[in-house]
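Keeping their order, the protein sequence lines are chains A and B.
If you read the first sequence in my numbering, its first letter stands for residue 153, the second for the next number, and so on.
If you read the second sequence in my numbering, its first letter stands for residue 153, the second for the next number, and so on.
Every residue gets a Cβ at the ideal spot worked out from N, C-alpha and C, and that includes glycine.
Protein chains: 2
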Amino acid sequence: MKTEILPKNENDALQKEIISKIRDYINYKNLEPGDKLPSERKLSESFEVSRSNVREAIQTLEYYGLLKSKPQSGTFVADIGSVALNGMITDILRLEKPDFKSLVETRILLELKTVRLAALRRTKEELKEIEEALEAYSKKVMNGEDAVQEDLLFHLAIAKASGNSTINTFMLTITPEIITNFAKYHVCDKNIAFIGIQEHRDIYEAIKNQDPQLAKEKMKVHFKMLYQYCYNIKD
Amino acid sequence: MKTEILPKNENDALQKEIISKIRDYINYKNLEPGDKLPSERKLSESFEVSRSNVREAIQTLEYYGLLKSKPQSGTFVADIGSVALNGMITDILRLEKPDFKSLVETRILLELKTVRLAALRRTKEELKEIEEALEAYSKKVMNGEDAVQEDLLFHLAIAKASGNSTINTFMLTITPEIITNFAKYHVCDKNIAFIGIQEHRDIYEAIKNQDPQLAKEKMKVHFKMLYQYCYNIKD
DNA sequence: CAAACCAATCTGGTTAACCAATTATAGTAT
DNA sequence: ATACTATAATTGGTTAACCAGATTGGTTTG
């Protein structure tokens, strides 16, 4: 087989094509939950692609929980019926890269929840971690330095204290993209940062006092500017 | 080097160890955004693990947006400062597998948002897709068949119509796990399903009439049982 | 007749060799 | 001294060979 280096976009397109072929195969053969897929070798042969490409595609579907591969045994359809499997793969193929607005919108939604949960559930240790993140942030701002990273770490500390591992994971996945875009669009410039200290402190105090309602209110205040800012950005 | 097959858990542990070593290296060398990591070969040699293990670890960090590898060039630190990078890798290493309650809690949060957004933003095409999902669900229930899959696809259709690609992705990632656990805990048994038809129809109508507040209310009603059910499950 | 055993085969995972694009280096001409 | 070019080394990606555990079918044994 001929070696060929593909640009990342085409590589993604290839992987999507393979995923789509796997879906077609599952449909054609009417595979049920727990059924075994053909081996990676056979798939790569019948799809006329390399085995590593097939492996990548399988890994992606495994990430979404649709397949499950067992060492020295085979790759199996997850405990999901063919209807859901089919619909979900179709959805995955259509997924587009998240835009900035959708990221911010989601972040606000998640954080209004985490801050309430953190106020309800935080342990003493988690509270201390939040406090430390707050101090690190304040120190930077007082020195006139850029503190976008410390800002985000404060919010991540709250997410960790929410006791909801799913939301925590989601927050982690969107944070880098947010940081990048913040720098790009010059959100959160230094003039805003000074106000940010007090806002952060208010949030911290509400969590400390285990007042979920107040915590949410303070977080809303904190997001108000961000909200306005982001909805004014050109696409 | 000796070939050794590892159980999945140990493999995960190994990957975490490698990730942690990458973090340490970045700290030790004070790598800034855009700086280049040593080549995969050098890393695998200095960590005394195979190159494919290193590649896996890098891919994971790439998924979280912390690294960026360019073909025939190198692997680079993303446009994130070392503080955030360090904090986030530490968080990632601590991540635990999501529990069922956290999944349901998150799903409810996300869906109360998607249903409102869908009522505001849905196109005619998206509305039609929701309707088709609703019909497929109703038909199954009327025939006395299990309709968990069609149920979830209805909700995914709403997520798609929300116009928020981030939330849409999140919904896709948690759905398989939810389906599996539903089957495991016998949530949504047939006796509930008949009520479900009307509840789904109410939600659909609210979205059709572009009434976000009503849509949210109806979704809340729909989740009421689920909510109670899930918080009574033993851990 | 059923259970236990064994060897051939098949599997996903791992390793090592290979590829071509990129980057660094040395040399040459201006 | 500088700008440009050719060449060698380096890189992430790809392919193919290899590994050992799992499966399977047939045979033996109680």
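1) Reducing DSSP to helix, strand and coil, say where Leu219/B ends up.
2) For Ala230/B, does the count of other Cβ atoms within 10 angstroms reach 16, so buried, or fall short, so exposed?
3) Distance check for Asp176/A and Gln211/B, CA to CA, integer angstroms please.
4) Terminal residues of the continuous beta strand (DSSP E) containing Thr227/B?
5) Which residue or residues does DSSP assign as beta-bridge partners of Lys188/A?
6) For chain B, is any of its Cβ atoms less than 7 Å away from the one on Gly186/A?
7) Of the residues Leu304/B, Arg273/B, Thr332/B and Glu329/B, which one's Cα is nearest the Cα of Gly315/B?
8) Using a Cβ-Cβ cut-off of less than 7 Å, give me the residues of the region 222 to 234 of chain B that come near chain A, in sequence order.
9) Sorted by chain position, which residues of the same chain lie with C-beta nearer than 6 Å to Met153/A's C-beta, five sequence neighbours on each side aside?
10) Let me make sure I understand the geometry here. Which of Glu302/B, Ser234/B and Tyr383/B has the alpha-carbon closest to that of Asn238/A?
11) Taking only three categories from DSSP, how would you classify Val201/A?
12) Hey, is Tyr381/B's beta-carbon within less than 7 Å of any beta-carbon in chain A?
13) Listed from N- to C-terminal order along the chain, which residues in the region 205 to 224 of chain B have their beta-carbon within a distance smaller than 7 Å of any beta-carbon of chain A?
14) Thinking C-beta only, is Val267/A closer than 7 Å to Met377/A?
15) Shortest alpha-carbon distance to Leu218/A belongs to which of Ser204/A, Glu200/A, Ser225/A and Thr242/A?
16) Measuring CB to CB, does Arg259/B end up less than 7 Å from Ile326/B?
17) Nearest chain A C-beta to Glu351/B closer than 7 Å, yes or no?
18) Less than 7 Å between the beta carbons of Ile331/B and Val293/B, yes or no?
19) Once you ignore the five residues that flank Glu214/B on each side, which residues in its own chain have a CB closer than 7 Å to its CB?
20) Following the continuous alpha helix (DSSP H) through Asn182/B, name the residue where it begins and the one where it ends.
21) Find the residues of chain B that neighbour Asn384/A, judging by a C-beta separation of less than 8 Å, and give them in chain order.
22) Is the CB of Gly348/B under 7 Å away from at least one CB in chain A?
23) Output the distance between the C-alpha atoms of Pro250/B and Tyr356/B, rounded to the nearest integer angstrom.
24) At what residue ranges does the region 305 to 339 of chain B contain a whole run of the beta strand (DSSP E), taking only runs of 3 or more?
25) Under a CB-based cut-off of 7 Å, is Val256/A close to chain B?
26) Give a yes or no on whether 7 Å exceeds the smallest Cβ distance from Ser317/B to chain A.
27) Would Ala270/A and Ile310/A be called neighbours here (beta carbons separated by less than 7 Å)?
28) Where Ile244/A and Leu366/A are concerned, what is the direct C-alpha to C-alpha distance, given to the nearest angstrom?
29) For the alpha helix (DSSP H) holding Asp251/A, just list the boundary residues, first then last.
30) Rounded to the nearest angstrom, what separates Ala165/B and Tyr216/A at their Cα positions?
31) Where are the beta strand (DSSP E) runs, 3 residues long or more, that stay fully inside the region 237 to 289 of chain A, in chain order?
32) For a cutoff of 7 Å on Cβ pairs, would you count Asp243/B as touching chain A?
33) Hey, how far is the Cα of Arg193/A from the Cα of Glu248/B?
34) What's the gap between the Cα of Asn182/A and the Cα of Leu189/A?
35) So that I know if they touch, is there some Cβ in chain B lying closer than 7 Å to that of Gly239/A?
Quick answer:
1) Numbered from 1 along the second sequence, position 67 holds the residue referred to as residue 219/B. Here Leu219/B sits in strand by DSSP.
2) Start at 1 with the first residue of the second sequence, and residue 230/B comes out as number 78. Around the C-beta of Ala230/B, 16 or more other C-beta atoms lie within 10 Å, and the residue is accordingly described as buried.
3) Here residue 211/B refers to the residue found at position 59 when the second sequence is read from its first residue. Here residue 176/A refers to the residue found at position 24 when the first sequence is read from its first residue. Each residue's Cα considered, the two are about 27 Å apart.
4) Residue mapping note: residue 227/B aligns to position 75 of the second sequence, counting from 1. Annotation for Thr227/B: the continuous beta strand (DSSP E) segment containing it runs Gly226 to Val229.
5) The residue you call residue 188/A lines up with position 36 of the first sequence. DSSP lists Phe228/A as partners of Lys188/A.
6) Residue mapping note: residue 186/A aligns to position 34 of the first sequence, counting from 1. The Cβ of Gly186/A sits no closer than 7 Å to any Cβ of chain B.
7) By one-based count along the second sequence, residue 315/B stands at place 163. Closest by alpha carbon: Arg273/B.
8) For the region 222 to 234 of chain B, the set of residues with a beta-carbon nearer than 7 Å to any beta-carbon of chain A comprises Pro223, Ala230, Asp231, Ile232 and Gly233, in chain order.
9) Your numbering for residue 153/A matches position 1 in the first sequence. In this predicted model, Met153/A has a pLDDT of only 45, less than 50, meaning its place in the structure is not dependable enough to derive any value.
10) Here residue 238/A refers to the residue found at position 86 of the first sequence. Residue Glu302/B is the option with its Cα nearest to Asn238/A.
11) Indexing the first sequence from 1 puts residue 201/A at position 49. The answer is coil: DSSP assigns Val201/A none of H, G, I, E or B.
12) For this step, residue 381/B is matched to residue 229 along the second sequence. Interface residue (Cβ-Cβ distance to chain A less than 7 Å): Tyr381/B is not classified as such.
13) Per Cβ criterion, the list reads Tyr216, Gly217, Leu218 and Pro223.
14) As a working note, residue 377/A is residue 225 in the first sequence. As a working note, residue 267/A is residue 115 in the first sequence. Taking 7 Å as the Cβ cut-off, Met377/A and Val267/A do not qualify as a contacting pair.
15) What you label residue 218/A is simply residue 66 of the first sequence in a count that begins at 1. The shortest Cα separation from Leu218/A among Ser204/A, Glu200/A, Ser225/A and Thr242/A belongs to Thr242/A.
16) Counted from its first residue, the second sequence places residue 259/B at position 107. Counted from its first residue, the second sequence places residue 326/B at position 174. Yes, Cβ-Cβ distance for Arg259/B and Ile326/B is below 7 Å.
17) Your numbering for residue 351/B matches position 199 in the second sequence. Not an interface residue.
18) Mapped onto the second sequence, residue 331/B falls at position 179. Mapped onto the second sequence, residue 293/B falls at position 141. No, the pair does not count as a contact, with Cβ atoms beyond the cut-off.
19) Taking the second sequence and counting its residues from 1, the one referred to as residue 214/B is at position 62. Result list for Glu214/B: Lys220 and Ser221, in chain order.
20) Counting from one through the second sequence, the residue named residue 182/B turns up at place 30. For Asn182/B, no alpha helix (DSSP H) segment is defined, and its DSSP state is neither H nor E.
21) Looking up residue 384/A in the first sequence gives position 232. Think of a sphere of 8 Å around the beta carbon of Asn384/A: no beta carbon from chain B falls inside it, the nearest being about 18 Å out.
22) Taking the second sequence and counting its residues from 1, one reaches residue 348/B at position 196. Closer than 7 Å: no.
23) Along the second sequence, one-based indexing puts residue 250/B at 98. Along the second sequence, one-based indexing puts residue 356/B at 204. Looking at the two C-alpha atoms, the distance is approximately 30 Å.
24) Entirely contained in the region 305 to 339 of chain B, not one beta strand (DSSP E) run reaches 3 residues.
25) For this step, residue 256/A is matched to residue 104 along the first sequence. It does not; no Cβ of chain B falls within 7 Å.
26) As a position in the second sequence, residue 317/B is number 165, starting the count at 1. Output row for Ser317/B: interface = yes.
27) Translated into the one-based positions of the first sequence, residue 270/A becomes position 118. Translated into the one-based positions of the first sequence, residue 310/A becomes position 158. A contact, by the Cβ cut-off of 7 Å.
28) The count along the first sequence starts at 1 and reaches residue 244/A at position 92. The count along the first sequence starts at 1 and reaches residue 366/A at position 214. When rounded, the distance between both Cα atoms is 38 Å.
29) For this step, residue 251/A is matched to residue 99 along the first sequence. Taken as a continuous stretch (DSSP letters only), Asp251/A belongs to no alpha helix (DSSP H), as it is neither H nor E.
30) Walking along the second sequence from the start, residue 165/B turns up at place 13. Walking along the first sequence from the start, residue 216/A turns up at place 64. So the alpha carbons of these two residues sit roughly 21 Å apart.
31) For the region 237 to 289 of chain A, not a single whole beta strand (DSSP E) run of length 3 or above is found.
32) Mapped onto the second sequence, residue 243/B falls at position 91. For Asp243/B, the nearest beta carbon of chain A is closer than 7 Å to its own beta carbon.
33) Position 41 of the first sequence holds residue 193/A. Position 96 of the second sequence holds residue 248/B. One alpha carbon belongs to Arg193/A, the other to Glu248/B, and they sit about 33 Å apart.
34) In the first sequence, the residue the question calls residue 182/A occupies position 30. In the first sequence, the residue the question calls residue 189/A occupies position 37. Asn182/A and Leu189/A have their alpha carbons spaced roughly 11 Å apart.
35) Start at 1 with the first residue of the first sequence, and residue 239/A comes out as number 87. Cβ-Cβ to chain B under 7 Å: yes for Gly239/A.
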